[in-house]
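So in the working numbering the end of the sequence shown lands on 348, straight run, no missing numbers. Ideal Cβ placement from N, Cα and C applies to all residues, glycine included.
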Amino acid sequence: MMTVTSVGLIGGGRMGQAMARRLHAQGVPVQVWNRTAERLQPLAAEGIPVTTDLPALLKGHPVWLTILADGPATRSVWSMPGGMAEHAAPDKVWLQMGSIDYPTTLALAHEARQRGLRFLDAPVLGGPMDVPTGRLIVMAGGDEEVLEAVRPVLEALSGRIVPMGPVGTGTLAKLASNLLLAHMVVGLAEWLSFGQQVGLDPLRLWEVVKNSKLYNPVFEAKFPAMLEENFQPSFALQWMTKDLWNILEAARQFGAYTPVAHTMTALYQAAQNHGLGEDDYSAVHQILRLFSRGAGG
Ligand SMILES: NC(=O)c1ccc[n+]([C@@H]2O[C@H](COP(=O)([O-])OP(=O)(O)OC[C@H]3O[C@@H](n4cnc5c(N)ncnc54)[C@H](OP(=O)(O)O)[C@@H]3O)[C@@H](O)[C@H]2O)c1
């Protein structure tokens, strides 16, 4: 068993920044690298170590935590000159926490192990607002020994770590979770758009749902976002689109019948093509309004 001394965190996006702050606040030494260095300025201003030198970060820390957009982004940091593959060694552990596709997870785990690098896929449920209070839930895929090696890091980030099985099962559990999340948010969007189209008062509709068994805490922020058409992103729509495509790919691989996921993917892809990719994923409501008769302008 390894004692965790410090974390090299790769990815200074919304989730990466929140995770870096949480680790720092919990007393876990952390240093952050991001492709776009300017994005790290807020962390640097708060006294959290950042660097533009990826090889130095990789050499300097026993745990590498990736929290990048998708599979291609994660692979690019793995295989770039001076990147992770070049520095892989048995005294390092790769904690892969981004929501990436299943085939890339398996391929990267295999390539890591060929170099003696231990790998855990550990994506999370919960957004940047959940990180400061440790409310992220980690879905871990990989060997027990690797999970134990990084447990202090995961426990600093998360109040619940659920071992799912071998490598890849963390990623599959994350895809399953986001399939449910998409259902919930598309359901809310369609409920609201239908109500608006038939001329009901949305606030009275909300009063009904909020006080019923239909209520879900996810709706609390997403209902006002849809009503006020204010889609400040906590989770960008383009990343939900990416997750839905990855869900369809896994469903096809395993033979899972997911007819509604196909429809939701088309809906999300249309929203992204319509220019809503950088908005919050609840902006899918805009597409339903757009195609409702006379409502979309
Ligand atoms: N936000 C959430 O609520 C949430 C919750 C759970 C899981 N996740 C997952 O966490 C991951 C990050 O999400 P986020 O919300 O932090 O997204 P984000 O704010 O858009 O950040 C994306 C990160 O990926 C990097 N990146 C993108 N393409 C890259 C490439 N080709 N090479 C290197 N780096 C690249 C970005 O670097 P640049 O700054 O240089 O573009 C940035 O660090 C995603 O897999 C997402 O699905 C998000």
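Have a look at the options and flag the residue whose alpha-carbon is nearest the alpha-carbon of residue i.
| i | options | result |
| --- | --- | --- |
| Glu-199 | Ser-228, Gly-238 and Leu-146 | Leu-146 |
| Gly-167 | His-336, His-138, Phe-342 and Trp-296 | His-138 |
| Val-236 | Gly-149, Asp-172 and Ala-272 | Ala-272 |
| Leu-116 | Thr-103, Glu-89, Ala-173 and Thr-87 | Ala-173 |
| Leu-299 | Leu-230, Val-197, Asn-262 and Ser-127 | Leu-230 |
| Ser-333 | Gly-122, Ser-228, Leu-318 and Asn-262 | Leu-318 |
| His-313 | Ala-287, Lys-293 and Lys-143 | Lys-293 |
| Leu-243 | Ala-88, Met-291 and His-336 | His-336 |
| Ser-209 | Asp-181, Met-215, Val-114 and Leu-232 | Asp-181 |
Taking residue i as part of the alpha helix (DSSP H), name the residues at either end of that continuous run.
| i | result |
| --- | --- |
| Pro-113 | That residue, Pro-113, is in no alpha helix (DSSP H); it is neither H nor E in DSSP. |
| Ala-88 | Taken as a continuous stretch (DSSP letters only), Ala-88 belongs to no alpha helix (DSSP H), as it is neither H nor E. |
| Ala-224 | 220-248 |
Applying the 10 Å Cβ sphere with the 16-neighbour rule, what's the burial state of residue i?
| i | result |
| --- | --- |
| Gln-68 | buried |
| Phe-245 | exposed |
| His-234 | exposed |
| Asn-324 | exposed |
| Pro-179 | buried |
| Val-249 | exposed |
| Phe-305 | exposed |
Look at the alpha carbon of residue i and the alpha carbon of residue j, and state the distance between them as a whole number of angstroms.
| i | j | result |
| --- | --- | --- |
| Glu-206 | Ser-130 | 29 Å |
| Ala-95 | Leu-60 | 14 Å |
| Pro-106 | Gly-134 | 6 Å |
| Phe-282 | Leu-176 | 20 Å |
| Pro-310 | Trp-296 | 13 Å |
| Val-79 | Ile-99 | 11 Å |
| Glu-89 | Ala-136 | 25 Å |
| Glu-162 | Arg-186 | 32 Å |
| Met-52 | Arg-65 | Reliability of the predicted coordinates at Met-52 is poor, the pLDDT of 41 falling under 50, and the value obtained from them is presented with this limitation in mind. Using only the alpha carbons, I get a separation of about 31 Å. |
| Lys-225 | Ser-263 | 28 Å |
Check whether the Cβ atoms of residue i and residue j sit closer than 8 Å, and answer yes or no.
| i | j | result |
| --- | --- | --- |
| Met-277 | Ala-240 | yes |
Starting from residue i, trace the beta strand (DSSP E) both ways and give me its first and last residue.
| i | result |
| --- | --- |
| Val-213 | 209-216 |
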